[in-house]
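Visitor: Each residue of the sequence shown is one higher than the one before, counting from 5 in my numbering. I have a structure here, written as structure tokens, and I will follow up with some questions on it.
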Amino acid sequence: MKYKKIYRVVFILRKINDIDHLSPLICKFYDNGHHVRLITLGVVKIDNYLTKYIFSKTGLLIETPILDGVNKFSKYLIVTFEKIKLFSRSNNFYFFLKYFEFLYFYLRRYILRREDAKNNVCDSVFDCNNTDLIITDKTNIFENSVYRNVAKYSSINNIPIIRIGHGFNTIVISDKSMDNNTILVPDLKNEVFDIYHSMIEIYRDSYDIRSNESSGIRIHEMSKEEVNTFLLGSMRYSKNWVNEYKEIQKFDTTKELEIDLNKKTILIVISPTKYLYVDKVANLLNSIAENFDLNIVYKPHTRKEAIDMRIKGMLSRDVKVTYTYKCTPGLIEVSDLVLLCGISSIGMHSIVASKPIIFTEYVCKYTTYYSRYLEKYTSISDSDTLTKIENIFNGSMCFNKNAYSDRIIKEMTNPNNSDDVIQDFYSLSCKIADGLY
């Protein structure tokens, strides 16, 4: 589908994970000749293998208007704190890092509040004559003060905001029974409004404009009925983009794994530990090391980027674990088996790529949709996990494309049976820019 107009699109990115899920659409808009800007409204530059990949494909860099606007002393503090944080992680100073990051969090929040109080963030970022569309991760644009200014500015200048869901929430939010005739997500309807991954939400007129000086501009609390919502699927976990990660991971310059290539490798993917029973995770790692001679690779959650010291402290002295911050898709590719501990949506990458995976749900505080769809690959105890590992390695239990994996891929990533989910997002975004919704 060709469009007559060249759109001027601003992508607002919060953190690394946002780039992960929005990069397919960023590249799609750029490849089709539109004017694209990438902006973060935080005080930290976003720089990793994903930004390097995007730059190699588009030449686009992520702008940092707030960081550029702060005084030299604040900028010096931010740069210094970032260097200390990286040094602490590189040298495993995790106890110090815990308290340091707490202090750093309040420094960043103070700077953001001070900059936002100037009420000119959007004036320095946007030009109403040069923006047709704002696309952001599904952050709360009404509660976050910086994003409130973005919402206000866009309403005044009639610029639609599209919020695209980040990943998807794997926690079961309904106890409705599942049978072969039930399509899970559409059946949940309003229950998934706030958390389901594949919605596009369009915000217009989120602020009321009043001519009375005493009224000024006030926020309008939008109801669900006032927000146009579309269920399209997941760009990040579409087959096309999962395959693209073979190229994307080449830009990851993190230190290579030091593992024995003659042994099989298990990748332990950890969700934020607030969702986990950390003692059960440690017991599981101890059991695996005791029963198998293999490489155990531990990857903490991407957003937190911190190894939980409680888990590390509970491991037996003779348990050898390789800790790494390399990109998870690259680690999945070089591993023989993935163990997902927690609720991360990254498990879908393994499913789409037909990489063997076990969901150790008993170490998590919540029931996940993985267990509802892939019960055969969900373990209920350490002994069950060990049995499944053995069966996968000896070939008696195969993980490949089947009716169960096909179903979760369809319902969680492509509910409309589309030939190209990324194209669907792009086409709808263009229509929104034209005011057709």
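We treat Cβ as the ideally placed atom computed from N, Cα and C, and that holds for glycine.
If you measure between the beta carbons of Asp428 and Leu271, is that distance less than 8 Å?
Guide: Against a cut-off of 8 Å, the Cβ pair of Leu271 and Asp428 comes out as no contact.
Visitor: Considering just the uninterrupted stretch of the alpha helix (DSSP H) at Val285, what are its terminal residues?
Guide: Counting along the chain, the alpha helix (DSSP H) containing Val285 begins and ends at Val282 to Asn295.
Visitor: Is DSSP giving Asn153 helix, strand or coil here?
Guide: Helix at Asn153.
Visitor: List the endpoints of the continuous alpha helix (DSSP H) containing Asn299.
Guide: It is not in any alpha helix (DSSP H) - Asn299 instead sits in the beta strand (DSSP E) that spans Asn299 to Lys303.
Visitor: When the Cβ atoms of the region 343–351 are set against those of the region 270–290, are three or more pairs found closer than 8 Å?
Guide: The region 343–351 vs the region 270–290: in contact.
Visitor: Compare the C-alpha of Ile361 against each of Tyr329, Glu67, Lys369 and Glu394 and name the closest.
Guide: Cα-wise, what sits closest to Ile361 is Glu394.
Visitor: For Thr389, which residues of its own chain have a beta-carbon under 7 Å away from its beta-carbon, when the five flanking residues on both sides are left out?
Guide: Closer than 7 Å at Cβ, skipping near neighbours: Leu288, Ile362, Thr364 and Ser383.
Visitor: Assign Phe397 to one of three DSSP states: helix, strand, or coil.
Guide: It is helical.
Visitor: Please tell me whether Val14 and Ile43 are closer than 8 Å, where the distance is taken between their beta carbons.
Guide: Contact flag set, yes.
Visitor: Please identify the residue among Arg112, Ile292 and Met313 whose C-alpha is closest to the C-alpha of Lys102.
Guide: For the residues Arg112, Ile292 and Met313, the minimum Cα distance to Lys102 belongs to Met313.
Visitor: Within the continuous beta strand (DSSP E) that includes Asp322, where are the two ends?
Guide: From DSSP, Asp322 is part of no beta strand (DSSP E); its letter is neither H nor E.
Visitor: With 16 other CB atoms within 10 Å as the buried threshold, where does Ser218 fall?
Guide: Any answer about Ser218 is weak, because its pLDDT of 33 lies below 50 and its placement is not dependable; what the coordinates show is given next. Classification for Ser218: exposed.
Visitor: Can you name the residues that DSSP bridges to Glu415?
Guide: Bridge partners of Glu415: none, in fact.
Visitor: In whole angstroms, what separates the C-alpha of Ala286 from that of Thr135?
Guide: Spanning the two alpha carbons is a distance of roughly 50 Å.
Visitor: Give me the Cα-Cα distance between Val338 and Val367, rounded to the nearest whole angstrom.
Guide: Distance between the alpha carbons of Val338 and Val367 is about 24 Å.
Visitor: With DSSP run on the structure shown, which of helix, strand or coil describes Ile43?
Guide: Reduced to three states, the DSSP call for Ile43 is strand.
Visitor: Expressed to the nearest angstrom, what Euclidean distance is found between the alpha-carbon atoms of Gly317 and Val176?
Guide: Using only the alpha carbons, I get a separation of about 31 Å.
Visitor: Who are the near neighbours of Tyr207 in its chain, counting only those whose CB is closer than 6 Å to its CB and skipping five residues on each side?
Guide: Caution applies to Tyr207, whose pLDDT of 46 falls short of 50 and renders its modelled position unreliable; the value that the coordinates give is listed next. Excluding residues within five positions, the ones whose Cβ falls inside 6 Å are Ile165.
Visitor: Is it buried or exposed, Asp51, if we count other Cβ atoms within 10 angstroms and call 16 or more buried?
Guide: Label assigned to Asp51: exposed.
Visitor: In its own chain, which residues sit with a C-beta less than 6 Å from the C-beta of Ile23, not counting the 5 before and 5 after it?
Guide: Hits under 6 Å: Leu17 and Leu54.
Visitor: Is Glu260 helix, strand or coil when you go by DSSP?
Guide: Three-state result, Glu260: coil.
Visitor: For the alpha helix (DSSP H) holding Val425, just list the boundary residues, first then last.
Guide: Unbroken alpha helix (DSSP H) run through Val425: Val425 to Ala437.
Visitor: Which one of Lys32, Leu137 and His39 has the shortest CA to CA distance from Ser158?
Guide: Nearest option by C-alpha distance: Leu137.
Visitor: Taking all protein chains shown into account, decide if Asp183 is buried (16 or more other Cβ within 10 angstroms of its Cβ) or exposed.
Guide: With a pLDDT of only 43 at Asp183, under 50, the local geometry of the prediction cannot be trusted, and the value read off the model is given with reservation. Exposed is the call here.
Visitor: Under 8 Å between the Cβ atoms of Tyr430 and Lys32?
Guide: Yes.
Visitor: What are the start and end residues of the alpha helix (DSSP H) that includes Leu26?
Guide: Taken as a continuous stretch (DSSP letters only), the alpha helix (DSSP H) holding Leu26 covers Ile20 to Asp35.
Visitor: Roughly how many whole angstroms lie between the Cα atoms of Lys87 and Ile10?
Guide: Roughly 41 Å between the two C-alpha positions.
Visitor: Could you tell me which residues DSSP puts in a beta bridge with Asp388?
Guide: Answer is none; Asp388 lacks a bridge partner.
Visitor: To which residues of the same chain is Asn418 closer than 8 Å at the C-beta, ignoring the five residues directly before and after it?
Guide: The answer, listed in chain order, is Gly237, Ser238, Ser242 and Val425.
Visitor: Could you check if Val356 is buried or exposed, using at least 16 other CB atoms within 10 Å of its CB as the buried criterion?
Guide: Counting Cβ neighbours within 10 Å, Val356 comes out buried, since at least 16 surround it.
Visitor: Between Pro69, Ile168, Glu248 and Val323, which has its C-alpha nearest Lys49's C-alpha?
Guide: Comparing Cα-Cα distances from Lys49 to each of Pro69, Ile168, Glu248 and Val323, the minimum goes to Pro69.
Visitor: Measuring straight from C-alpha to C-alpha, what distance separates Phe104 and Arg321?
Guide: If you take the alpha carbons of Phe104 and Arg321, they lie about 27 Å apart.
Visitor: Out of Val47, Asp297, Ser275 and Asn295, state which residue places its alpha-carbon closest to the alpha-carbon of Lys303.
Guide: Among Val47, Asp297, Ser275 and Asn295, the Cα nearest to that of Lys303 belongs to Ser275.
Visitor: Kindly list the residues whose CB is nearer than 8 Å to the CB of Phe255, restricted to its own chain and excluding five residues on each side of it in sequence; keep chain order.
Guide: So the list reads Tyr53, Leu54, Lys56, Tyr57 and Ser60, once near-sequence residues are dropped.
Visitor: Spatial neighbours of Glu225 within its chain, please: CB distance less than 7 Å, with the 5 preceding and 5 following residues excluded, ordered by chain position.
Guide: Note that Glu225 scores 47 on pLDDT, short of 50, meaning its location in the model is unreliable and no value can be drawn from it.
Visitor: To the nearest angstrom, how far is the alpha carbon of Ile396 from that of Lys380?
Guide: Cα-Cα distance, rounded: 12 Å.
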